[in-house]
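Chemist: Have a look at this one.
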Ligand SMILES: Cc1cc2nc3c(=O)[nH]c(=O)nc-3n(C[C@H](O)[C@H](O)[C@H](O)COP(=O)(O)OP(=O)(O)OC[C@H]3O[C@@H](n4cnc5c(N)ncnc54)[C@H](O)[C@@H]3O)c2cc1C
Ligand code: SF4
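Numbering (the numbering used here), first residue to last: -7 to 399.
Here's what the structure looks like:
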């Protein structure tokens, strides 16, 4: 049956199936799954609680370690992280850690559990620029430590790529809204629709500033400049999410790129009713960059995927590609051409911060300006939500350590 863009793609576990799945866990000592989670969510501990039917205890473990636990449950490429080294793989297949985490965090929401309590706000004021996962996690950690935190966000709503990138069928907006509400309940203030272009004022008003602006712009190639048929994948995905899927569709769409963002835009357009979507990737199939889960969803939605070709020319609506290793060319005509070839930041706009090709240079999250710290996609090219959570948490502790040393 054809799935809807507005419905969550992966089925949820039930109380019965979640206990059955947790019962497969080998309760490993020094568990590989827990070591592999960048955010320290501790799957071994919460799975053990589920196994003994202690859903509340499991929710506490997740929430105390990861302020975005129900988001990570949905968007983490678990096959490359916690599930990769799962000892159960030696017997049959890894434990479905992401799905167990989703069940537990859904349970937490369904009974309105309130796990984290706000701190006393007696350590002074901190500003965070950017409300993506890294800014959100940092805000939660700082608030719990006792800081009065304000997040400045240039978009109308907070969330970064969680709100304006990852499609609704993988991350429903109501799940994000609830995570943000939990952070607001910790006393964090959000000022949206407010682009920060100079850090001087914030530096004067706050004890420290955390830059968490992400790589929020899509990359292009000179070849495609000024062609009205070309759009950037992150802009298309943002439009689809903002309009809840109600966008004008073109019949034939060509996507250039083979990563998760390319798969997201391809699957979204197909789900919304686009007749024919083709994605052309530079990488050959053996090194295809998209995660297995996203690749499979794209195939299930009848997207055509061509690997090993790179674009060399565009004339009107026709793109010519050359094969990366064979002497072969390919021409594809489309009504819309979408570039999904990566994202970049515009951190150079802040002249007091040292950066190299969009990546901020940091020492323990501190930038070249001692009052300004940085986190998330702008300090690393890893570009995963769970990495942004880890960096956000660590950056918050780095700020705390710096401010405590100054007292
Ligand atoms: C389409 C798409 C799908 C993805 N899917 C996955 C996935 O399934 N799993 C996964 O783990 N990762 C995924 N990622 C990657 C992941 O979303 C990012 O790594 C993560 O969001 C980075 O977090 P961040 O907080 O550093 O930045 P962002 O999420 O980019 O947030 C930065 C925020 O800062 C704001 N901002 C920027 N400049 C300013 C300014 N000057 N003033 C005020 N605010 C500003 C932006 O508007 C934005 O809200 C995906 C990315 C995209 C684009
Ligand atoms: S590695 Fe797998 S089997 Fe071992 S504790 Fe983690 S989930 Fe359970």
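Every residue, glycine too, gets a C-beta built ideally from N, C-alpha and C.
All values reported here derive from a predicted model rather than from experimental measurement.
From the DSSP output, which residues share a beta bridge with residue 265?
Modeler: In the DSSP output, where bridge partners are listed per residue, residue 265 has none listed.
Chemist: For residue 146, which option in 134, 178 and 183 has the closest C-alpha, if you only look at C-alpha atoms?
Modeler: Residue 146 has its Cα closest to that of 183, out of 134, 178 and 183.
Chemist: Is the beta carbon of residue 193 closer than 7 Å to that of residue 201?
Modeler: Not in contact: residue 201 and residue 193 (Cβ atoms no closer than 7 Å).
Chemist: In chain order, what are the residue ranges of uninterrupted alpha helix (DSSP H) at least 4 long that sit wholly in the stretch 94 to 138?
Modeler: Listed in chain order, the complete alpha helix (DSSP H) runs (minimum 4 residues) inside the stretch 94 to 138 are 125 to 137.
Chemist: Is residue 368 near residue 112, with beta carbons less than 7 Å apart?
Modeler: Cβ distance not < 7 Å, so residue 368 and residue 112 don't count as in contact.
Chemist: Return the first residue and the last residue of the alpha helix (DSSP H) that residue 144 is part of.
Modeler: Unbroken run through residue 144 is the beta strand (DSSP E), 140 to 144; no alpha helix (DSSP H).
Chemist: Is it the case that the Cβ atoms of residue 241 and residue 265 are separated by a distance below 7 Å?
Modeler: Taking 7 Å as the Cβ cut-off, residue 241 and residue 265 qualify as a contacting pair.
Chemist: Could you tell me whether any non-hydrogen atom of ligand 1 is closer than 6 Å to the CB of residue 55?
Modeler: False, no ligand heavy atom lies under 6 Å from that Cβ.
Chemist: Just curious, the beta strand (DSSP E) that residue 312 is in, first and last residue?
Modeler: From DSSP, the beta strand (DSSP E) with residue 312 extends over 310 to 315.
Chemist: Cβ atoms of residue 298 and residue 311: under 7 Å apart, would you say?
Modeler: No, the pair does not count as a contact, with Cβ atoms beyond the cut-off.
Chemist: If we ignore side chains and look at the alpha-carbon of each, how far apart do residue 296 and residue 109 end up?
Modeler: In a straight line, the C-alpha of residue 296 is about 49 Å away from that of residue 109.
Chemist: Could you pull out every residue in the same chain whose Cβ sits closer than 6 Å to the Cβ of residue 74, ignoring the five residues on either side in sequence?
Modeler: Within the same chain, residue 74 has close Cβ partners 25, 28, 29, 35 and 89.
Chemist: According to DSSP, which residues form a beta bridge with residue 270?
Modeler: The partner list for residue 270 (beta bridge, DSSP) reads 246 and 296.
Chemist: Decide yes or no for the touch test of the stretch 114 to 130 against the stretch 167 to 187: beta carbon pairs closer than 8 Å, at least 3 of them.
Modeler: As far as the Cβ criterion goes, the stretch 114 to 130 touches the stretch 167 to 187, which means the pair count is three or higher.
Chemist: May I have the straight-line CA-CA distance separating residue 390 from residue 321, to the nearest angstrom?
Modeler: Near 52 Å, if we compare the C-alpha coordinates of residue 321 and residue 390.
Chemist: Tell me the DSSP secondary structure of residue 21 in three-state form.
Modeler: Here residue 21 sits in coil by DSSP.
Chemist: So, does the stretch 327 to 336 touch the stretch 215 to 232, judging by three or more C-beta pairs under 8 Å?
Modeler: In short, these stretches touch, since the Cβ pair count reaches three.
Chemist: Between the alpha carbons of residue 43 and residue 237, how many angstroms are there, rounded?
Modeler: Answer to the nearest angstrom: the Cα atoms are 39 Å apart.
Chemist: Cβ of residue 436 within 6 Å of any heavy atom in ligand 1?
Modeler: Within the shown structure, residues of the chain are numbered from -7 to 399, placing residue 436 beyond reach of any answer.
Chemist: Near residue 78, which residues of its chain fall below 6 Å by C-beta distance, leaving aside the five closest residues on each side in sequence?
Modeler: Taken in chain order, the residues that qualify are 25, 86 and 87.
Chemist: Are the stretch 6 to 25 and the stretch 40 to 55 in contact at 8 Å, needing three or more beta carbon pairs?
Modeler: Yes, since at least three Cβ pairs between the stretch 6 to 25 and the stretch 40 to 55 fall closer than 8 Å, the two stretches touch.
Chemist: At which residues does the alpha helix (DSSP H) containing residue 200 begin and terminate?
Modeler: Residue 200 -> not in any alpha helix (DSSP H); beta strand (DSSP E) instead, spanning 200 to 203.
Chemist: Buried or exposed: which applies to residue 379, given that a residue is buried once 16 or more other Cβ atoms fall within 10 Å of its Cβ?
Modeler: It is buried - the Cβ of residue 379 has at least 16 other Cβ atoms within 10 Å.
Chemist: Report all residues from its chain with a CB closer than 7 Å to the CB of residue 99; omit the five preceding and five following residues, and keep chain order.
Modeler: Closer than 7 Å at Cβ, skipping near neighbours: 47 and 51.
Chemist: What are the start and end residues of the beta strand (DSSP E) that includes residue 279?
Modeler: It is not in any beta strand (DSSP E) - residue 279 carries neither H nor E in the DSSP assignment.
Chemist: For the stretch 56 to 75 against the stretch 272 to 282, do three or more pairs of beta-carbon atoms, one drawn from each stretch, fall closer than 8 Å, so that the two count as touching?
Modeler: Touching, no, given that fewer than three Cβ pairs across the two stretches are closer than 8 Å.
Chemist: Could you tell me the boundaries of the beta strand (DSSP E) in which residue 161 lies?
Modeler: Run containing residue 161: none; DSSP gives neither H nor E here.
Chemist: Consider the C-beta atom of residue 101 and the heavy atoms of ligand 1; say whether any pair is separated by less than 6 Å.
Modeler: Because no heavy atom of ligand 1 lies under 6 Å away, the Cβ of residue 101 does not count as near it: no.
Chemist: Tell me whether residue 376, by its Cβ, gets closer than 6 Å to a heavy atom of ligand 4.
Modeler: Ligand 4 is not part of the structure shown, which contains ligand 1 and ligand 2 as its ligands.
Chemist: With a floor of 3 residues, list each beta strand (DSSP E) that falls wholly inside the stretch 339 to 382, ordered by position along the chain.
Modeler: Entirely contained in the stretch 339 to 382, the beta strand (DSSP E) runs reaching 3 residues are, in chain order, 364 to 366.
Chemist: Thinking C-beta only, is residue 248 closer than 7 Å to residue 303?
Modeler: Taking 7 Å as the Cβ cut-off, residue 303 and residue 248 qualify as a contacting pair.
Chemist: Which term fits residue 214, buried or exposed, when burial requires 16 or more other beta carbons within 10 angstroms of its beta carbon?
Modeler: Result: exposed.
Chemist: So what does DSSP say about residue 303, is it helix, strand or coil?
Modeler: Residue state, collapsed to three classes: strand.
Chemist: Grab me the residues of residue 180's own chain with a C-beta within less than 6 Å of its C-beta, minus the 5 sequence neighbours each way, in chain order.
Modeler: Only 131, 135 and 141 meet the Cβ criterion.
Chemist: Pick from 119, 258 and 306: whose alpha carbon is nearest that of residue 365?
Modeler: Here the closest residue by C-alpha is 119.
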